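Participant:
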Amino acid sequence: MAVQFSLKNGDKVKVNDHVYCSPPWSVRDGTPYSVARIMEFLPPEGTTKDKGKAKEIYTRVRLAWYYRPSDVSDRPVADSRLLLAAIYSEVCDINQLRSRCYVIHRDKITDLAGWKKRPDRFYFNRLFDPYIKKEFEVIQATDVRNLPDHIRQVLLSRYEYVVAEKDVVPDLTDILRLCATCSQWCANPDTVGCDRCKKFFHMGCVQPPLLAKPSRGYGWTCAPCSRRHEEEVDNHEIHHLNPTTKPKSNAPAPRGRGRPRKDRSLAEKEENVDIKYFKMWPFRYFGQYTVAEDTLDSDDLIFPRAATRVGPKYQAAIPPLAETASPAKDSGNSPQPQNLSEGEERGGSHTIEVLSIVNSLTDEEVAELEEWKAALTRKSEELHSVDWLSEAIRRFSHAYLINRGWSTVDMSVPTRAEKWKKGEVRYTDREWTAEEVAAFEDGILVHGAELRAVHDEICTRAMPEVVRFYGHWKNSKLKQENIRARERAATIQGDEDEEPTFEVPMSDDEGSIVRAQSKANSSCGACRTRDSETWWRAPKGLATDILCDPCGTNWRKYADLNVRPIREDILPTGKKVVEKREGTPLNGPSAKRIKSSVTANGTPPPVVSAAPQLRCLACQKNGPVGKVIKCSQCHFRVHAGSCGVSVDKGAVESWLCELCNNEKTQEASLDTDCALCPRRKSKKTSTSRDADSFLRAAKPTEGQGWVHVLCAVFSPEVTFSDVSHLRLVEGISTIPRARWSTRCTLCGETGGAVLRCSDCVREYHVSCAWKNGHRFGFEIQPVRSHRRDAVVITFRGETGNMVPIVSCQEHETSKRELYDVCETDDTGETALQVYCRTYKQAPVSQAHALLRKARRLDSILNAHADAVDGNADPEPQCDLCATQYSPCFYRSKYYPDRVHCHKCYCSQQSKAINQS
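With positions in the sequence shown counted from 1, the corresponding number in the working numbering is that position plus 20.
1) With a threshold of 8 Å on Cβ separation, who are the neighbours of Leu167 within its own chain once the five nearest residues in sequence on each side are excluded?
2) I'd like the list of long-range same chain contacts for His922, defined as Cβ closer than 6 Å, with 5 residues on each side in sequence excluded.
3) What is the DSSP secondary structure of Arg699, reduced to helix, strand or coil?
4) What residue does the beta strand (DSSP E) around Lys719 start on, and which one ends it?
5) For Leu471, which three-state DSSP category applies?
6) Between Ala773, Ile322, His745, Lys333, which has its C-alpha nearest Pro756's C-alpha?
7) Which runs of the alpha helix (DSSP H), 4 residues or longer, sit entirely within the region 71-119?
8) If you check the beta carbons only, do Cys654 and Gly643 fall under 9 Å apart?
9) Here's a check: name, in chain order, each residue in its chain whose Cβ is nearer than 7 Å to the Cβ of Ser713, leaving out the five neighbours to either side.
10) Buried or exposed, going by whether 16 or more other CB atoms sit within 10 Å of the CB of Arg118?
11) Shortest alpha-carbon distance to Ser109 belongs to which of Asp127, Arg126, Phe61?
12) For Glu411, is the classification buried or exposed, using 16 other Cβ atoms within 10 angstroms of its Cβ as the cut-off for buried?
13) Where does Arg446 fall in DSSP's three states?
14) In whole angstroms, what is the alpha-carbon distance linking Phe522 and Gly820?
15) Only counting the same chain, and skipping five residues up and downstream in sequence, which positions put a Cβ closer than 7 Å to that of Glu402?
16) Taking the CB atoms as reference points, tell me whether Lys128 and Gln160 lie closer together than 9 Å.
17) Spell out a yes or no on whether the region 738-747 and the region 756-766 are touching, meaning 3 or more CB-CB pairs, one atom from each, closer than 8 Å.
18) Considering only DSSP beta bridges, list what Ala911 is partnered with.
19) Three-state secondary structure (DSSP) at Pro570?
20) Which of the three DSSP states is assigned to Asn642 in this structure?
21) With respect to the beta strand (DSSP E) encompassing Trp556, which residues constitute its N-terminal and C-terminal limits?
22) Helix, strand or coil for His659, going by three-state DSSP, please let me know.
23) Skipping 5 residues on each side, what residues in its chain have a beta carbon closer than 7 Å to that of Ile124?
24) Helix, strand or coil for Ala56 per DSSP?
25) Given that a residue counts as buried once 16 or more other Cβ atoms are within 10 Å of its Cβ, and exposed if not, what is Lys931?
26) Could you give the uninterrupted runs of the alpha helix (DSSP H) lying entirely in the region 744-827, keeping only those of 4 residues or more?
27) Out of curiosity, what's the CA-to-CA distance linking Met223 and Cys242?
28) For Thr51, tell me which candidate among Arg88, Leu27, Phe656, Gly30 has the shortest Cα-Cα distance.
29) Measuring straight from C-alpha to C-alpha, what distance separates Gln500 and Lys560?
30) Could you tell me if Glu843 is buried or exposed, where buried requires 16 or more neighbouring beta carbons within 10 angstroms of its beta carbon?
31) Are the CB atoms of Cys731 and Val786 within a distance shorter than 9 Å?
32) Assign His467 to buried or exposed, taking buried as 16 or more other Cβ atoms, counted over all protein chains shown, within 10 Å of its Cβ.
33) In terms of alpha-carbon separation, which member of Ser778, Glu783, Asp742 lies closest to Ser761?
34) Just to confirm the assignment, what range does the beta strand (DSSP E) spanning Ser26 have?
35) Please return the same chain residues whose Cβ sits closer than 6 Å to the Cβ of Arg8, not counting the five positions on each side in sequence.
36) Shortest alpha-carbon distance to Ile295 belongs to which of Arg550, Tyr181, Val55, Glu65?
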């Protein structure tokens with residue numbers, strides 16, 4: 021009779037049932053439930069399992085774990101019901117089982133959408149191995165066909181699923197492959213297939229035998245097919261294959277979405293489907309590094325395997341130390357061997373470092389050492405610092421070994437020399453600045469305990485320093501919490517009439533359910549609702565420390581927490597806003613959810629996922645990885661849409677910004693100063709100064725120079741040859757000369773192209789305005805209907821002409837309603853993208869790049885200040901060479917009635933300079 025165990029919520033579970041498992045809330049630190057399969061029930065530790073008929077007492081259970089994709093990877097996964105199987109088990113206390121759930125393979129689900137709508141339902145189609153950190157495909161054993169019959173029958177009789185690499189699955193699901201020569205089964209590692217007749221051969225059965233498979237991208241044909249092909253070539257009768265015909269495949273048909281299931285009996289049948297288990301596991305590895313005959317052995321290991329790392333490719337062959345056999349012989353003494361190798365022998369006094377010799381000191385010497393140690397510092401915290409104490413003991417030990425007194429030890433020098441390192445290193449981390457602590461706390465708020473992502477936010481500390489500081493910071497927070505808890509306990513004890521804020525009874529989640537309502541009328545930390553029959557403790561990092569019943573259940577069971585951010589909307593004065601009930605269950609209809617969460621201005625609040633996010637340097641707002649991209653070299657972070665970047669999902673982690681990529685490719689100039697900004701007299705380039713600013717975003721020009729994205733977008737004369745990627749800036753030469761010679765009101769320099777404020781007469785460089793915190797954005801201005809030349813666009817419901825606006829900080833009371841650079845519309849395009857796509861595209865369809873540049877040069881020459889005005893003859897003639905063809909004609913300096921061509925005018929100027 022199968023053993024059944026009743027959980028606290030009333031569910032009865034048995035072996036091979038799937039359950040939620042979780043330790044108490046204080047132990048697991050707010051993490052969601054784990055999903056596992058019961059393998060066996062075990063008696064208390066130290067006792068043997070009774071095989072008699074008496075009733076046994078079970079206190080432990082062996083569980084086969086499942087992983088969530090977010091547990092093994094940083095990439096966000098939208099499907100909260102997707103799991104990863106694992107061949108990994110662990111023994112847990114039976115009281116950690118919470119309730120029952122259902123987990124089956126994807127191929128056994130008829131309607132996946134209907135399956136995910138039901139509570140406590142999960143599915144999997146891949147397996148993660150925690151030892152080699154690799155994912156594998158999981159397919160049904162019945163789909164495996166390319167095996168000898170006796171091996172396939174054993175595989176089907178024992179296991180329900182097969183685990184293999186993704187590249188091996190098509191070979192396993194193909195028809196049985198037999199060698200055309202020996203009619204034996206062709207195993208994949210030693211098999212080669214003919215590209216013409218589609219037959220398979222053992223590499224040893226081919227005459228002459230093949231020593232290796234063809235390289236990737238090359239094919240192989242057998243001897244009869246090669247001979248037949250040569251005959252066809254000689255007879256000029258080559259029959260090409262029809263490209264429209266597809267070869268017949270024996271792979272299983274692709275899964276469809278299916279229709280919604282209405283038959284409840286079919287759903288119950290899928291939940292209770294019979295799964296074969298062999299030695300408590302339903303699957304085994306049968307992939308690239310498997311010997312098929314080993315499957316017949318019942319004791320063969322079922323775990324995934326990888327390529328061996330034994331051999332000269334991965335291991336270094338160290339030759340033995342050379343020895344000389346000519347020791348000196350003394351009378352009555354045995355010879356002592358001496359190692360005379362090039363380097364010191366490992367393990368000697370020259371290759372080890374003594375950290376402490378306190379164990380060899382006497383009690384009097386230890387007492388004297390303690391007195392001198394206390395006199396080395398006046399900071400009490402250093403006497404409890406592990407790093408400081410370790411270094412102090414090491415220096416005392418060194419002084420003792422070289423026969424120096426304790427008074428020679430000095431701890432004022434923060435560095436020390438270590439063996440096998442080139443320079444000196446610090447024995448303790450330097451003090452953290454206020455800016456670094458603020459960046460660290462911001463990273464903890466966004467990423468939680470993912471310290472690698474927090475390290476990327478700081479950018480000034482090494483990873484070991486971040487880990488050490490996290491330990492000190494967490495201990496300080498716990499110390500403050502304990503102090504506040506003691507103060508609250510003392511206050512409650514002094515005032516017996518005051519009721520506690522929460523009443524926390526014992527429950528099935530070990531105290532994580534809060535039944536009483538808060539006195540301060542707190543709201544849910546996720547959906548902001550104030551109405552719930554049951555309240556749950558919330559994980560750290562939310563606005564409040566409680567969750568409503570739907571949000572608490574979704575977090576614990578599915579690790580799904582759609583946090584609604586706090587919005588401080590500025591409402592017009594004189595208008596009363598009716599307070600609406602906020603928050604709805606997360607599993608309700610989507611249309612009703614949007615309707616119930618509408619704010620006073622009619623705009624639904626955005627939904628922020630719990631996935632890792634990055635802060636954009638342009639708008640200073642967080643966004644998910646992919647929308648906000650980060651350079652893997654300089655850690656520059658920006659919304660992809662505001663920089664003209666389109667990156668595939670697989671290449672997000674390795675993306676390089678334009679400047680870092682140019683350091684490798686050198687397609688443009690290595691001088692990355694902006695052509696529209698003044699030249700600074702500084703050794704540091706603009707890239708090093710603006711590494712943590714949006715001014716790091718730069719684009720190459722048609723002359724292989726560089727321009728800031730902000731400077732190019734907000735300069736009306738500048739255009740792009742490709743607005744989708746904001747590349748190859750054109751039209752810098754068409755900017756009027758007056759804008760180049762005007763002095764900037766912010767930096768006081770000339771040389772760059774200035775821009776006038778949209779609300780006053782001040783003029784400044786675009787980069788100077790950005791550094792000083794001026795307002796940047798785009799305004800939708802209404803356009804009269806009779807204007808034919810106006811380009812009308814629609815952005816976020818407004819229709820009109822989009823105009824770039826730069827306004828001083830003093831104009832904060834301006835009535836302009838600006839759209840931020842990174843603000844998006846319903847299509848996902850940013851305001852900067854929409855503006856550039858509409859107004860900044862160069863006329864590439866009318867002329868090629870060189871012709872467009874020549875036309876701009878003609879317009880500049882025709883507008884030259886020294887050129888002949890419009891009152892002159894329509895066809896002037898040079899008085900020196902009598903030509904009528906010149907890009908520009910000039911009046912003589914001494915004879916105003918005479919006109920010279922460009923060539924003669926330049927030669928006269930050169931002669932005058934030489935004579936002077």
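The C-beta atom is built at its ideal place from N, Cα and C for all residues, glycine as well.
As the structure is a prediction and not an experimental result, all values here were calculated from the model.
Facilitator: By the coordinates alone:
1) Stepping through the sequence shown from its first residue, residue 167 is reached at position 147. The answer, listed in chain order, is Leu175, Leu192, Leu196, Trp205, Ala312.
2) Counted from its first residue, the sequence shown places residue 922 at position 902. Excluding residues within five positions, the ones whose Cβ falls inside 6 Å are Ser906, Pro907, Cys908.
3) Locating residue 699 in the sequence shown gives position 679, counting from the first residue. Arg699: coil per DSSP, three-state reduction.
4) Numbered from 1 along the sequence shown, position 699 holds the residue referred to as residue 719. Residues 718-720.
5) The residue labelled residue 471 in the question sits at position 451 within the sequence shown. Three-state result, Leu471: helix.
6) Counting from 1 along the sequence shown, the entry for residue 756 is found at position 736. Closest option to Pro756, Cα to Cα, is Ala773.
7) Runs found: 89-92.
8) Here residue 654 corresponds to residue number 634 of the sequence shown, with the count starting at 1. Here residue 643 corresponds to residue number 623 of the sequence shown, with the count starting at 1. In this structure, Cys654 sits away from Gly643, with a CB-CB distance that is not shorter than 9 Å.
9) Taking the sequence shown and counting its residues from 1, one reaches residue 713 at position 693. Excluding residues up to 5 positions away in sequence, Leu637 lie with their Cβ nearer than 7 Å to the Cβ of Ser713 in the same chain.
10) Counting from one through the sequence shown, the residue named residue 118 turns up at place 98. Label assigned to Arg118: buried.
11) Stepping through the sequence shown from its first residue, residue 109 is reached at position 89. For the residues Asp127, Arg126, Phe61, the minimum Cα distance to Ser109 belongs to Phe61.
12) Within the sequence shown, the letter at position 391 stands for residue 411. Under this definition Glu411 is a buried residue.
13) Counted from its first residue, the sequence shown places residue 446 at position 426. Correct three-state label for Arg446: strand.
14) Translated into the one-based positions of the sequence shown, residue 522 becomes position 502. Translated into the one-based positions of the sequence shown, residue 820 becomes position 800. Residue confidence is low: Phe522 scores 34 on pLDDT, short of 50, so the model does not pin down where it sits. No coordinate-derived value is stated.
15) Mapped onto the sequence shown, residue 402 falls at position 382. Trp408.
16) On the sequence shown, residue 128 is found 108 positions in, with the first residue counted as 1. On the sequence shown, residue 160 is found 140 positions in, with the first residue counted as 1. Yes, the pair counts as a contact, with Cβ atoms nearer than the cut-off.
17) Taking 8 Å as the limit for Cβ pairs, the verdict is that the region 756-766 does not touch the region 738-747.
18) As a position in the sequence shown, residue 911 is number 891, starting the count at 1. It is worth fixing the name first, because residue 911 is Arg in this sequence and not Ala. Within the DSSP secondary-structure output, Arg911 pairs in a beta bridge with Val919.
19) One-based indexing of the sequence shown puts residue 570 at position 550. The three-state secondary structure of Pro570, taken from DSSP, is helix.
20) Walking along the sequence shown from the start, residue 642 turns up at place 622. DSSP places Asn642 in strand when its eight states are reduced to three.
21) What you label residue 556 is simply residue 536 of the sequence shown in a count that begins at 1. From DSSP, the beta strand (DSSP E) with Trp556 extends over 555-557.
22) Indexing the sequence shown from 1 puts residue 659 at position 639. Strand, per DSSP.
23) In the sequence shown, residue 124 corresponds to position 104, counting from 1. Cβ contact annotation for Ile124 (same chain, cutoff 7 Å, sequence separation greater than five): Tyr143, Glu290, Val293, in chain order.
24) Position 36 of the sequence shown, counted from the start, is the residue given in the question as residue 56. Look at Ala56 here: in three-state DSSP terms it is strand.
25) Locating residue 931 in the sequence shown gives position 911, where the first residue counts as 1. So Lys931 ends up on the exposed side.
26) Residue ranges of uninterrupted alpha helix (DSSP H) with 4 or more members, entirely inside the region 744-827 and ordered along the chain, are 757-761, 786-791.
27) As a first step, residue 223 must be located in the sequence shown, where it is residue number 203. As a first step, residue 242 must be located in the sequence shown, where it is residue number 222. Looking at the two C-alpha atoms, the distance is approximately 11 Å.
28) Mapped onto the sequence shown, residue 51 falls at position 31. Measuring C-alpha to C-alpha distances from Thr51 to each of Arg88, Leu27, Phe656, Gly30 identifies Arg88 as the nearest.
29) As a first step, residue 500 is located in the sequence shown; it is residue number 480 there, counting from the start. As a first step, residue 560 is located in the sequence shown; it is residue number 540 there, counting from the start. C-alpha separation (whole angstroms): 16 Å.
30) Your numbering for residue 843 matches position 823 in the sequence shown. Residue environment analysis places Glu843 among the buried positions, since at least 16 neighbouring C-beta atoms fall within 10 angstroms of its C-beta.
31) By 1-based counting over the sequence shown, the position of residue 786 is 766. By 1-based counting over the sequence shown, the position of residue 731 is 711. The answer is yes: Cβ separation under 9 Å.
32) One-based indexing of the sequence shown puts residue 467 at position 447. By the 10 Å Cβ count, His467 comes out buried.
33) Taking the sequence shown and counting its residues from 1, the one referred to as residue 761 is at position 741. Ranking Ser778, Glu783, Asp742 by CA distance to the CA of Ser761 puts Glu783 first.
34) The residue given as residue 26 occupies position 6 in the sequence shown. Its beta strand (DSSP E) spans residues 24-26.
35) Nothing about residue 8 can be read from this structure; the chain reaches only from 21 to 936.
36) Working through the sequence shown from its first residue, we reach residue 295 at position 275. Of the candidates Arg550, Tyr181, Val55, Glu65, the one whose C-alpha sits nearest the C-alpha of Ile295 is Tyr181.
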